[in-house]
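Going by the numbering used here, the sequence shown opens with residue 1, and the numbers climb by one from there. For each residue, glycine too, the CB sits at the ideal point set by N, CA and C.
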Amino acid sequence: MDHGLRISRTRNARLVKVLVRSWHSTHPPPVSWRVVFFLYHGGEVVGVSTWGRPVARAEDQVTTLEHTRMALGPGAPKNSGSWFLAANRHWIRENMPDVRRLIAYVDESNHSGVTYRADNWVIVYRRLTKTQSWSNRPGRTGTKAGLRTKFEHAP
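Shown next as structure tokens:
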């Protein structure tokens, strides 16, 4: 599936934050990232995807990238999420040779993880989170309790 889609890497942090705030269903833009991609359709930006170092300290911070956000706008063609994810992986494989592992976490109260499944990601685990939200810093609160799934893929 191509449908006139293309990706490009971006460093336009301001636009990334605006698009994630507008299009992502549950979370604000990540604070930092190592690489970000825009998805274009018909010359317009219709998606954004951010990758950063793993949040979990136990994960290898050099060879692992965590997919922290994907947000698709109303102009994104149907099923373009998995195409976008695969194109991200291809770019990472070709341009970031130290990265050997990609991970992502899905809150199943909001998303089923179908985009990862369509791109052949492997489920590492599914866990029910605690029944209360968490807060570890002033002004930051966690997400609601629910089922979380961890996915993994080689670039």
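Here the C-alpha atom of residue 73 lies approximately 29 Å from the C-alpha atom of residue 124. Each of 3, 22, 38 and 89 was checked against the Cα of residue 11, and the nearest Cα belongs to 38. If the five residues before and after residue 6 are omitted, its C-beta is found closer than 6 Å to the C-beta atoms of 40, all from its own chain and listed in chain order. Residue 84 is not bridged by DSSP to any residue. Counting along the chain, residue 22 sits inside the alpha helix (DSSP H) bounded by residues 13–23. Leaving aside the five residues that flank residue 98 on each side, the residues in its chain whose CB is nearer than 7 Å to its CB run, in chain order, 62 and 63.
Residues of the same chain with a CB within less than 6 Å of the CB of residue 92, apart from the 5 flanking positions on each side, are 99 and 155 in chain order.
Of all alpha-carbon atoms in 43, 71 and 126, the one lying nearest the alpha-carbon of residue 146 is that of 126. The DSSP-derived three-state label of residue 111 is coil.
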